[in-house]
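*Asks:* Following the working numbering, the numbering of the sequence shown begins with 60 at its first residue and continues without gaps. Glycine residues also receive a C-beta, built at the ideal position from the N, C-alpha and C atoms.
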Amino acid sequence: MKMRWGAGILAAAMLFMAQPQAQADEVISPDIYQWVQSTSRQNYFFNKQHMYFGQDSKGILDANIMLVPVLKTYDSVQIQDVQAKRRWKMLPMEGYEALVGTAEYLRFDLAQGTVTVVKHEDLDEDWGVLSVTTSDKAVKIADLSEKDVDGVFYKAILKYAYAHIDDMVERTEKNKRAKVNDAVKKKIAELKKPAEKQAAQESKDSKKDNKKKKAD
60 MKMRWGAGIL AAAMLFMAQP QAQADEVISP DIYQWVQSTS RQNYFFNKQH MYFGQDSKGI
120 LDANIMLVPV LKTYDSVQIQ DVQAKRRWKM LPMEGYEALV GTAEYLRFDL AQGTVTVVKH
180 EDLDEDWGVL SVTTSDKAVK IADLSEKDVD GVFYKAILKY AYAHIDDMVE RTEKNKRAKV
240 NDAVKKKIAE LKKPAEKQAA QESKDSKKDN KKKKAD
């Protein structure tokens, strides 16, 4: 029996594939998936309802680890490119005539500043999983250029996560039954400081811009 991946969410994403890219936020519910960007080949989303912190072997919340499922939908050129690469590598092609995109599961290590695509699933038009690959290769986010599309995507996810740390803690406690001790609370407080400073700086910059406009 073929596995299925988030049919309801992906159905919304499929609608987006047939719409102008500028209408992304009108097609996918902002309560479920956050659209980040669209290139000429792919559309990038992350699931903000299933962003969690990690847990250690004792069930204690690990505030250094963030786990985020993401979705990328393809245009026809990207689909053909994936199909061609699989043929060249002599990989199975069954079902790939209906390829529409991929689901990936990201593991962010905040202490190391890395991200790992721990699982990659190719998806067909019925949201069946065509194939699954796993990896433990970590990528240093700081090493990615400002124009690197994956780098932009990862940074957008982290920016959102830092602004919603309390929600992630609550979700991880409730849904994953993670335990939070004093050490975890201290780490969470440290994680929230950069976000608070950035918000304060953005507010300050906005006030400066407003004053400048009035002066002009």
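(1) Three-state secondary structure (DSSP) at Ser190?
(2) Taking buried to mean at least 16 other C-beta atoms within 10 Å of its own C-beta, is Pro128 buried or exposed?
(3) Please look up how many angstroms separate the CB atoms of Gln338 and Thr132, rounded, as I've assumed it's under 8 Å.
(4) Per the DSSP calculation, Ile124 is bridged to which residue(s)?
(5) Could you tell me the alpha carbon to alpha carbon distance between Asp115 and Asp209, rounded to whole angstroms?
(6) Please work out which residues of its chain come closer than 6 Å, Cβ to Cβ, to Phe105, disregarding the five sequence neighbours upstream and downstream, and give them in chain order.
(7) Just to confirm the assignment, what range does the alpha helix (DSSP H) spanning Ala222 have?
(8) Answer yes or no: do Val239 and Leu150 have a C-beta to C-beta separation smaller than 8 Å?
(9) With a threshold of 8 Å between beta-carbons, can Leu165 be considered close to chain C, or not?
(10) Just the C-alpha distance for Ala170 and Asn234, rounded to the nearest angstrom, thanks.
(11) In this structure, how does DSSP classify Asp226 when only helix, strand and coil are distinguished?
(12) For the beta strand (DSSP E) containing Val198, name the first residue and the last one.
(13) Could you give the distance in angstroms between the alpha-carbon of Ser135 and the alpha-carbon of Thr175?
(14) Are the beta-carbon atoms belonging to Leu182 and Tyr155 less than 8 Å from one another?
(15) What do you reckon, are the CB atoms on Thr281 and Ala197 nearer than 8 Å?
(16) Compute the distance between the beta-carbons of Glu163 and Lys144, then report whether it is under 8 Å.
(17) Tell me which same chain residues have a C-beta within less than 6 Å of the C-beta of Trp147, skipping the five on either side of it?
(18) Kindly list the residues whose CB is nearer than 7 Å to the CB of Ser204, restricted to its own chain and excluding five residues on each side of it in sequence; keep chain order.
(19) What residues match up with Ala162 in a beta bridge as DSSP calls it?
*Replies:* This is what the structure gives:
(1) Reduced to three states, the DSSP call for Ser190 is strand.
(2) By the C-beta density criterion, Pro128 is buried, having at least 16 other C-beta atoms within 10 angstroms.
(3) Given a span of 60 to 275 for the chain in the structure shown, any question on residue 338 remains unanswerable.
(4) For Ile124, which the question treats as bridged, DSSP gives the partners Asp168.
(5) Approximately 28 Å between the Cα atoms of the pair.
(6) The beta carbon of Phe105 is closer than 6 Å to those of Gln93, Val127, Val129 and Ile216 in its chain, skipping five residues each way along the sequence.
(7) Unbroken alpha helix (DSSP H) run through Ala222: Val208 to Ala222.
(8) No; because the gap between Cβ atoms is not below 8 Å, this pair is not in contact.
(9) Protein chains in the displayed structure number just one, and chain C is not present.
(10) In a straight line, the C-alpha of Ala170 is about 24 Å away from that of Asn234.
(11) In the three-state scheme derived from DSSP, where H, G and I count as helix and E and B as strand, Asp226 is classed as helix.
(12) Note, Val198: beta strand (DSSP E), Ala197 to Lys199.
(13) If you take the alpha carbons of Ser135 and Thr175, they lie about 27 Å apart.
(14) No Cβ-Cβ contact shorter than 8 Å links Leu182 with Tyr155.
(15) In the structure as shown, the chain begins at 60 and stops at 275. Residue 281 is therefore absent and cannot be evaluated.
(16) No Cβ-Cβ contact shorter than 8 Å links Glu163 with Lys144.
(17) By the criterion of a C-beta distance shorter than 6 Å, Trp147 is surrounded by no residue of its chain, once the five residues flanking it on both sides are discounted.
(18) Counting only residues of its own chain and dropping the five nearest sequence neighbours on each side, Ser204 has a CB closer than 7 Å to the CB of Gly210.
(19) BP columns for Ala162 point to Leu130 and Glu180.
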